[in-house]
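Following: one structure in structure tokens, then a few remarks.
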Amino acid sequence: MTLPFFTASDDPGPSFMELLKRVRPEVPNPVTAAIQASAGDTLQITHGTTVLGVRYADGVVMAGDRRATAGNLIAHKQMEKVFPADRYSGVAIAGAAGAAMEMVKLFQLQLEHYEKVEGQVLSLEGKANQLSAMVRNHLPAAMQGMAVVPIFAGYDLRRGTGRLFEFDVTGGRYEESDHVESGSGSLHAGTVVKLGYREGLTRDEAVDLVLHALYRAAEEDSATGGPDLVRGIFPIVATITAAGYERVPEEELRTRVEALVEREVLR
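Residue numbering for the sequence shown follows the numbering used here, beginning at 1123 and increasing consecutively.
Structure, rendered in structure tokens:
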């Protein structure tokens, strides 16, 4: 048997599947064949949207709707998309749900590991850089349709203020001054936030603003789930201040959503 040789520009690299594709192009990819056989030629990946963060007087508020979709189907109605990264920061996920949740768990573990080894908390800037590297390392999966685009927010103990960060699929990290959105409903949610945002929002005003933004996004984007008063399904909302990460109770969310719906009906 003669070993195949390749030019530098045509080298398949260390991938056996790439080598097989170059040497025996008539042989189907076994992974692709298995996926097509089990999914009817279409792999439906569960995706989660929409998430956003808003800076206010005491810190930041993060929020996300509860719907996850797989193609044109609603895969889950109560998915959680906002998580604490550690005591003073949080991360919200949009994109391929499975990969995103795994990334969040690994991110939480790395921050905890750093704190245990170094004996101090990683700076907020360092946390954002760590998450940026994780998103960049996920790029090969993103190129196959399993993109994860989180947002990160926290309270900077050194500066005494809340900060917001967004990312792109290549790991690019960008700090936003006032608000940030991600997911399929981000355009509509962002429009509501832009119109309602002002410097020095109170905690209650910020919570009402993100609820309104998600409500409007759900009206325009089928992948974004609106509040369900019958089933008691409301967005996940959390605040991050000098006191740490705190999730807004569902009882309070119900009261605020009911008032929001009443205002919208009477408008």
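All C-beta atoms, glycine included, are put in the ideal place defined by N, C-alpha and C.
Would a C-beta distance cut-off of 8 Å place residue i and residue j closer than the cut-off?
i, j, result
"GLU1288", "SER1304", "yes"
"TYR1331", "GLY1312", "The amino acid occupying residue 1331 in the given sequence is Leu; Tyr does not appear at that position. In this structure, GLY1312 does not lie closer than 8 Å to LEU1331 by Cβ."
"ALA1214", "HIS1169", "no"
"SER1308", "ARG1280", "no"
"ARG1378", "LEU1333", "yes"
"VAL1291", "LEU1323", "no"
Would you mind reading off the limits of the alpha helix (DSSP H) that contains residue i?
i, result
"ASP1180", "Premise fails: ASP1180 is in no alpha helix (DSSP H) and is neither H nor E."
"LEU1333", "1325-1342"
"ALA1264", "1261-1264"
Considering just the uninterrupted stretch of the beta strand (DSSP E) at residue i, what are its terminal residues?
i, result
"THR1422", "Nothing can be reported for residue 1422: it is not among the residues displayed for the chain, which extend from 1123 to 1389."
"THR1168", "1168-1170"
"SER1245", "Counting along the chain, SER1245 falls outside any beta strand (DSSP E), and DSSP gives it neither H nor E."
"ALA1214", "1211-1214"
Return helix, strand or coil for residue i, following the three-state DSSP convention.
i, result
"PRO1206", "strand"
"GLY1348", "coil"
"TYR1236", "helix"
"ILE1196", "strand"
"ALA1381", "helix"
"HIS1310", "helix"
"LEU1174", "strand"
"LEU1279", "coil"
Quick one: measure Cβ to Cβ for residue i and residue j, integer angstroms, because I've assumed they're closer than 8 Å.
i, j, result
"ALA1394", "GLY1217", "The structure shown does not extend to residue 1394, since the chain is modelled only from 1123 to 1389, so the question has no answer here."
"HIS1301", "ALA1339", "Their Cβ separation, rounded to whole angstroms, is 13 Å, which puts HIS1301 and ALA1339 out of contact at 8 Å."
"ILE1167", "ALA1190", "Contact flag wrong, Cβ pair sits at about 10 Å."
"ILE1355", "PRO1349", "7 Å"
Evaluate contact between the stretch 1237-1255 and the stretch 1343-1361, counting only Cβ atoms and requiring at least three cross-stretch pairs below 8 Å.
Segments in contact, no.
Within 8 Å, do at least three Cβ pairs link the stretch 1351-1365 to the stretch 1277-1292?
They touch, by the three-pair rule.
The stretch 1315-1331 touching the stretch 1207-1221, judged by at least three CB pairs closer than 8 Å:
no
Does the stretch 1164-1184 come close enough to the stretch 1194-1205 that 3 or more CB-CB pairs lie under 8 Å?
yes
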